[in-house]
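Novice:
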Amino acid sequence: MTERCVIVGGAGFLGTALAQGLRKSGREVCVLDLPQRLAGTSEFLAGIETRPFSFPKLDGLEEAISGSETLIHLACTTTPASSMADMAKDAAENIAPSVALFEAASRAGVKRILFSSSGGTVYGEPKALPVSEEAAGNALSAYGTSKLAIEGYLHLVATQAGLTGVSLRIGNPYGPFQLRGTAVGVIAHYLAQIRSGIAPEVWGDGSVVRDYIHIDDVVAAVLAVIETPELASGPYNLGSGEGHSIKDIYAAIRQVTGTQLDLQLKPARGFDVAAIFLDTTRLRRATGWQPRVGLNEGIAQLWELLQRS
1 MTERCVIVGG AGFLGTALAQ GLRKSGREVC VLDLPQRLAG TSEFLAGIET
51 RPFSFPKLDG LEEAISGSET LIHLACTTTP ASSMADMAKD AAENIAPSVA
101 LFEAASRAGV KRILFSSSGG TVYGEPKALP VSEEAAGNAL SAYGTSKLAI
151 EGYLHLVATQ AGLTGVSLRI GNPYGPFQLR GTAVGVIAHY LAQIRSGIAP
201 EVWGDGSVVR DYIHIDDVVA AVLAVIETPE LASGPYNLGS GEGHSIKDIY
251 AAIRQVTGTQ LDLQLKPARG FDVAAIFLDT TRLRRATGWQ PRVGLNEGIA
301 QLWELLQRS
């Protein structure tokens, strides 16, 4: 019998890549998302079952997940920046609906739930780098605080129901989908601006350090998690394990593109963590997964795709 996977909030960058990867692995895939998002990414979801779905309303959820082994929860209504404008709204729209989602999955007999947490926001300012899973707490944004709360509820539901609940604390993923014009994803955004002759902007002085990971490596990690028997529930860092500043990123972009445009500096934002990159030892030991795509290789790949478009 073919394994069925449902991706909630699956019509975005991460979701479409996961849907394609899961389908290529021989699994049956169903993507749930807003009608307008499904329409906007239909070319990436060709041949994959899609259903209109509103998070946080959850109408039609139990029918959609019936008979599924795996549920992947990617839906979120805020970003780190927008969450700070209305923290109560962020909590109401993301925490309680996520708990309801997990409980519905439990009732439907789902065997494993994967939650897309945030490697960049749940740790606050880390005391040591690379940061391990045990260091979570003291988030600097409502977004990170909500992610931690949702992780906690997933642990409760998984423990009570006897299912596997995995929170993937993902770093900063990047890949081809982001070349479609979205401002999300600094690497793709900068490349698109350079191609248009626009000098890219950066919050602060460019010293902020993050863990950038290619989307192909993220998909491979999710497949490894699903395919690892008896994987322990809990949080797992998912990143390259390396830290790169915006200045580093832009230097690599300059090398690939040959641009002479300089970064334009903007005032720093108070909720941006100064430096974070992830210790991925737990995930690597548990699943055998390893990141494969280096930063320079990934940037060159995106630039080549952009030049051909």
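If you count the sequence shown from 1, position 68 lands on 68 in UniProt numbering, and the numbers rise without skipping. From the three backbone atoms N, C-alpha and C, an ideal C-beta is built for every residue, glycine too. Just so you know, these numbers come straight off a predicted model, no measurement behind them.
Would you tell me roughly how many angstroms separate the C-alpha atoms of residue 144 and residue 43, rounded to the nearest one?
Specialist: Residue 144 and residue 43: Cα-Cα distance of roughly 32 Å.
Novice: Assuming the contact rule is C-beta atoms closer than 8 Å, residue 329 and residue 279 should be a hit. Round their C-beta distance to whole Å, please.
Specialist: Because the chain spans 1 through 309 in this model, residue 329 falls outside it and cannot be assessed.
Novice: If you check the beta carbons only, do residue 221 and residue 289 fall under 8 Å apart?
Specialist: yes
Novice: Is it true that the CB of residue 305 sits closer than 8 Å to the CB of residue 176?
Specialist: yes
Novice: Go through the segment 24-82 residue by residue and report every complete run of the beta strand (DSSP E) that reaches 3 residues or more, in order.
Specialist: 28-33, 49-52, 70-73
Novice: Just list the residues that DSSP pairs residue 253 with in beta bridges.
Specialist: Answer is none; residue 253 lacks a bridge partner.
Novice: May I ask you to check if the CB of residue 102 is nearer than 7 Å to at least one heavy atom of the ligand HEM?
Specialist: Inclusion of the ligand HEM in the displayed structure is not the case, the ligand content being empty and no account of it being possible.
Novice: DSSP beta-bridge partners for residue 203?
Specialist: 266
Novice: According to the Cβ coordinates, are residue 295 and residue 238 closer than 8 Å?
Specialist: no
Novice: Just list the residues that DSSP pairs residue 358 with in beta bridges.
Specialist: Residue numbering for the chain in the displayed model covers 1 to 309; residue 358 lies beyond these limits and cannot be assessed.
Novice: Just checking my contact of residue 314 with residue 102 at CB under 8 Å: how many whole Å lie between their CB atoms?
Specialist: Past the edges of the chain, shown from 1 to 309, lies residue 314, and the structure says nothing about it.
Novice: Can you tell me whether residue 266 is buried or exposed, with buried defined as 16 or more other CB within 10 angstroms of its CB?
Specialist: exposed
Novice: Assign residue 24 to one of two classes, buried (16 or more other C-beta atoms within 10 Å of its C-beta) or exposed (fewer than that).
Specialist: exposed
Novice: Compute the distance between the beta-carbons of residue 9 and residue 105, then report whether it is under 8 Å.
Specialist: no
Novice: When the Cα atoms are used, what is the spatial distance from residue 47 to residue 114?
Specialist: 23 Å
Novice: Residue 199 and residue 261 look like a contact to me (Cβ under 8 Å); what is the Cβ gap, rounded to whole Å?
Specialist: That pair is a contact at about 4 Å.
Novice: For residue 165, count the other beta carbons within 10 Å of its own beta carbon; 16 or more makes it buried, fewer makes it exposed. Which is it?
Specialist: buried
Novice: Fully enclosed by the segment 77-141, which alpha helix (DSSP H) runs are 4 residues long or longer?
Specialist: Within the segment 77-141, the runs of alpha helix (DSSP H) that reach at least 4 residues and sit entirely inside it are, in chain order, 80-83, 87-107.
Novice: Contact check, residue 70 vs residue 226 under 8 Å by CB: the rounded distance?
Specialist: Yes, they are in contact, since the Cβ atoms of residue 70 and residue 226 sit about 6 Å apart, within 8 Å.
Novice: Please specify which runs of the beta strand (DSSP E), each continuous and at least 3 residues long, are wholly inside the segment 138-185, giving them in chain order.
Specialist: 164-170, 172-174
Novice: Excluding sequence positions up to five away, which residues of its chain have a Cβ less than 8 Å from the Cβ of residue 99?
Specialist: 150, 153, 157
Novice: Where does residue 283 sit, in a helix, a strand or coil, going by DSSP?
Specialist: The answer is helix: DSSP assigns residue 283 an H, G or I state.
Novice: Is it the case that the Cβ atoms of residue 167 and residue 117 are separated by a distance below 8 Å?
Specialist: Going by C-beta atoms, residue 167 is nearer than 8 Å to residue 117.
Novice: Helix, strand or coil for residue 11? Go by DSSP, reduced to three states.
Specialist: coil
Novice: May I have the straight-line CA-CA distance separating residue 188 from residue 137, to the nearest angstrom?
Specialist: 30 Å
Novice: With DSSP as the reference, label residue 17 as helix, strand or coil.
Specialist: In the structure shown, residue 17 adopts helical secondary structure according to DSSP, grouped into three states.
Novice: Run the CB neighbour count on residue 59, radius 10 Å, all protein chains shown included, and call it buried at 16 or more, exposed below.
Specialist: It is exposed - the Cβ of residue 59 has fewer than 16 other Cβ atoms within 10 Å.
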